[in-house]
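Below you can see the structure in the form of structure tokens.
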């Protein structure tokens, strides 16, 4: 069982630990806290009984010029044992939605390693990003990066789905009365823990 919610200042040490465990691109705690102070709506996390198992973090570029302002996804990570459940997509949808609804930007960019085929499928096939160019020797280890961009449409809201894994058979249950709480987390009907192996929440 897990919860996707907006990050608070006290969450960023755990987010940094998740970053260190998941990615070769690591940042000091000060970097995360600067994001929290400057763009408080643009970091979402996935939390379980084990703590923070994933996050997505964004910022704005050229924000002093409203005509040029656009979103920038700076870091996305999900712990390996929690991958394949739609967590990264759900986190990304929340951050992209906040960029559009809170800050009014209409486009977003990100960089992804050329070797990271899984992330490329998420960004291109599920989230609508397209390749603008390849940045050579972009990363510290000299790997090339695909530079991706996407347009951000007016938010239509998210239709939450709980995907329950019962006896290794996936069953999707639409939860019409699932509520987005003011702090950014979801709440709704409880699922019988004895029947539930694990579930994921994703916007479609």
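In UniProt numbering, the protein residues as written are 1 to 204.
Ideal Cβ placement from N, Cα and C applies to all residues, glycine included.
Query	Result
By Cβ distance below 8 Å, which residues in the same chain neighbour residue 131 in space, the five residues on each side in sequence not counted?	124, 146, 147 and 148
Out of 30, 25, 1 and 129, point me to the one whose CA is closest to residue 76's CA.	25
Taking residue 34 as part of the alpha helix (DSSP H), name the residues at either end of that continuous run.	29-38
Just verifying my parser: in three-state terms, what is the DSSP assignment at residue 130?	strand
Which one of 30, 143, 16 and 86 has the shortest CA to CA distance from residue 116?	143
Which same chain residues end up closer than 7 Å to residue 68 when comparing Cβ atoms and leaving out the 5 residues on each side of it in sequence?	62
Of the residues 74, 87, 31 and 30, which one's Cα is nearest the Cα of residue 48?	87
Skipping 5 residues on each side, what residues in its chain have a beta carbon closer than 7 Å to that of residue 136?	144
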